[in-house]
Every structure is written in structure tokens, then in C-alpha cells.
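The letter at position 87 of the sequence shown is residue 124 when you use the working numbering, and the numbering goes up by one with no holes.
All C-beta atoms, glycine included, are put in the ideal place defined by N, C-alpha and C.
Predicted model only: the values in this text are computed from it and were never measured.
The structure appears right after this line, and notes come after that.
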Amino acid sequence: MEYYHYETKELMSRIRDSVIIECKEDEYGEWKDDIERQLNDYRQIYKPRHLIVASLKSCPTIRCADCTFSNLNSNNLREIGEFKSFIREAFKKL
Numbered sequence: 038m039e040y041y042h043y044e045t046k047e048l049m050s051r052i053r054d055s056v057i058i059e060c061k062e063d064e065y066g067e068w069k070d071d072i073e074r075q076l077n078d079y080r081q082i083y084k085p086r087h088l089i090v091a092s093l094k095s096c097p098t099i100r101c102a103d104c105t106f107s108n109l110n111s112n113n114l115r116e117i118g119e120f121k122s123f124i125r126e127a128f129k130k131l
């Protein structure tokens, strides 16, 4: 695994024109007021081609762009398989 200092040109070149996935594990109410600013900062600084917000909890005021997977626990192999297929297909389109 490679690690980068967040200000390096190499990191910036790897992120630009790619995907940033912002993962949230807290309740929606704890981060909802900051997410728009946070995503705008990512857009301005890194200029990614796509931004994805992945949350373990329900996000009632965020529009789902593609698909929702609500039962991704380790025992639900069918749902995990569908999620993996969805992600693979999404990355093939990049």
C-alpha cells in the first residue's frame, strides 16, 4: 500500500480525474450540516471526476443517484455480491 503526504504533486495527479469515496459511519444528523462544504472542498482541491458518499446509516435528505444497499452485513453474501458487481460496473464506466 502506498501512502502520500496530502500536499504532494504525485498524490494530486493520482486523485485528479478519479474517484473520491467519502465514508460515513456516524448517524446522518452528526455529519449532514458539514457534508456539502466537505464535498465542495474536495471538488475545489482535488478536482475528482466523481464523488461518492457511502454511509452505514440512512440519509433521508440525500438523493440516491444509482442504487442503495441496505443490508451489507457479513452474513448477507447475496447483497454483498450485488454490491461488488455494482461497484465493478461503475468503475468500468470511468
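Span separating the alpha-carbon of Met-38 from that of Glu-59: For the purposes of this step, residue 38 is taken as residue 1 along the sequence shown, with counting starting at 1. For the purposes of this step, residue 59 is taken as residue 22 along the sequence shown, with counting starting at 1. Confidence in Met-38 is poor, its pLDDT being 47 and thus under 50, which makes the residue's placement too unreliable to answer from.
Rounded distance between the beta-carbons of Lys-61 and Ile-95, thought under 8 Å: Locating residue 95 in the sequence shown gives position 58, where the first residue counts as 1. Locating residue 61 in the sequence shown gives position 24, where the first residue counts as 1. Per the sequence presented here, residue 95 reads as Ser, with Ile not at that position. The C-beta distance from Ser-95 to Lys-61 rounds to 11 Å, too long to fall under 8 Å, and the pair is not in contact.
Option nearest Trp-68 by Cα separation, candidates Pro-97, Pro-85 and Ser-50: Locating residue 68 in the sequence shown gives position 31, where the first residue counts as 1. Trp-68 has its Cα closest to that of Pro-97, out of Pro-97, Pro-85 and Ser-50.
Rounded straight-line distance, which links the Cα of Asn-112 to that of Gln-75: Here residue 75 refers to the residue found at position 38 when the sequence shown is read from its first residue. Here residue 112 refers to the residue found at position 75 when the sequence shown is read from its first residue. Distance between the alpha carbons of Gln-75 and Asn-112: 33 Å.
For Glu-126, the three-state DSSP class (helix, strand or coil): Taking the sequence shown and counting its residues from 1, the one referred to as residue 126 is at position 89. Reduced to three states, the DSSP call for Glu-126 is helix.
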